[in-house]
Every structure is written in C-alpha cells, then in structure tokens.
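**Student:**
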Amino acid sequence: MIRRCTKPRHHDWRWYGGKGITVCREWLESFDTFLRDVGTAPSPQHWLGRLDVLGNYQPGNVEWIDHDTQVRRRAWCKKIDIDGQQLTIAEAERAVGLEDGTLRQRLKAGHQLADALTRKPSRTGRPPKIHNQPTPKETHDRT
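Here the sequence shown is numbered in my numbering, starting from 5 and rising by one per residue.
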C-alpha cells in the first residue's frame with residue numbers, strides 16, 4: 005500500500021500514487037496506528053480495500069475485503085443493470101446460473117443482454133453463430 009502510493013518506480017504506482025491516491029500521514033509514521041485503526045486481516049484471503057476507489061488510504065475509507073469484493077470495486081470493472089441492481093458480469097452469471105465466462109462470451113458475440121442472460125446453451129456448448137455480421141477486412145502488408 006505505502007510503496008504503490010509513494011514510490012514512482014513501483015510497478016503499480018501509476019494506478020495509485022500516479023493518480024493522486026495517498027496514505028494518511030498517521031499510517032505512514034506508525035504501523036501501530038494503522039493496526040489500531042484497521043486491525044488485522046480476518047484471513048490470508050483478505051486484503052485492504054478502499055470503500056471509495058478514488059479515495060485515499062485513511063481511516064473510514066478502508067476495510068479488509070475478499071477477492072470478489074475487490075473485483076466489484078475496480079473502477080474499470082464493467083457492470084450491468086439487472087432488475088435495478090448494478091452487478092459485475094461474474095455476479096450476473098452466478099445470479100442466473102450461467103457458467104463462468106458464458107455471459108461475457110455471449111455479449112462479446114453480439115447478443116443483447118436479455119437474450120444473453122436467458123438463452124439456453126446450444127448442444128455443442130458454444131453460442132449459436134450470429135449471421136449477417138460484417139466480416140473482418142483483410143489487411144495487406146505493402147512492404
């Protein structure tokens with residue numbers, strides 16, 4: 005957390021310090037203060053997450069979270085609206101009983117959301133072909 009917010013040479017700095025995300029002064033100066041404010045992780049599968057992904061690491065904006073929660077909070081994570089709820093594609097798949105990756109594959113293939121959520125799987129396990137789609141243009145190397 006500290007390195008990616010304070011060290012420009014850190015491989016993740018551009019996503020944290022490079023975007024202006026900081027660690028509060030009290031935590032930079034004292035691990036005991038950090039531990040008092042945040043506590044220890046409930047399990048090895050938890051890490052520190054920010055409630056407001058654009059906010060700083062400071063009291064009131066962090067909590068220990070699991071992987072699924074962390075993925076949902078990513079600023080770039082695509083969300084879809086299902087019955088008024090904003091869900092990630094993975095959450096939507098679980099909600100309607102689709103296998104992992106099925107909804108993303110159907111959407112990428114051009115299916116409308118409602119159809120992609122309700123279509124029964126084909127016998128081959130692949131989504132049906134979509135006809136009347138433009139074919140990719142061939143490129144020719146003119147060297």
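Just so you know, even glycine gets a beta-carbon here, dropped at the ideal spot from N, CA and C.
Have a look at Thr73 and Pro46 and give me their C-alpha separation to the nearest angstrom.
**Tutor:** Looking up residue 73 in the sequence shown gives position 69. Looking up residue 46 in the sequence shown gives position 42. Spanning the two alpha carbons is a distance of roughly 14 angstroms.
**Student:** Which value, in whole angstroms, describes the spacing of the CA atoms of Trp68 and Cys9?
**Tutor:** The residue you call residue 68 lines up with position 64 of the sequence shown. The residue you call residue 9 lines up with position 5 of the sequence shown. If you take the alpha carbons of Trp68 and Cys9, they lie about 18 angstroms apart.
**Student:** Answer yes or no: do Leu107 and Glu97 have a C-beta to C-beta separation smaller than 7 angstroms?
**Tutor:** As a first step, residue 107 must be located in the sequence shown, where it is residue number 103. As a first step, residue 97 must be located in the sequence shown, where it is residue number 93. In this structure, Glu97 lies closer than 7 angstroms to Leu107 by Cβ.
**Student:** Judging by CA-CA distance, which residue of Gly24, Val100, Leu55 is the nearest neighbour of Gly64?
**Tutor:** On the sequence shown, position 60 is the one that residue 64 refers to. The candidate whose alpha carbon is nearest that of Gly64 is Leu55.
**Student:** Considering only DSSP beta bridges, list what Ile86 is partnered with.
**Tutor:** Here residue 86 refers to the residue found at position 82 when the sequence shown is read from its first residue. DSSP lists Gln89 as partners of Ile86.
**Student:** Which of the three DSSP states is assigned to Gly64 in this structure?
**Tutor:** For the purposes of this step, residue 64 is taken as residue 60 along the sequence shown, with counting starting at 1. In this structure, Gly64 counts as coil in the three-state DSSP scheme.
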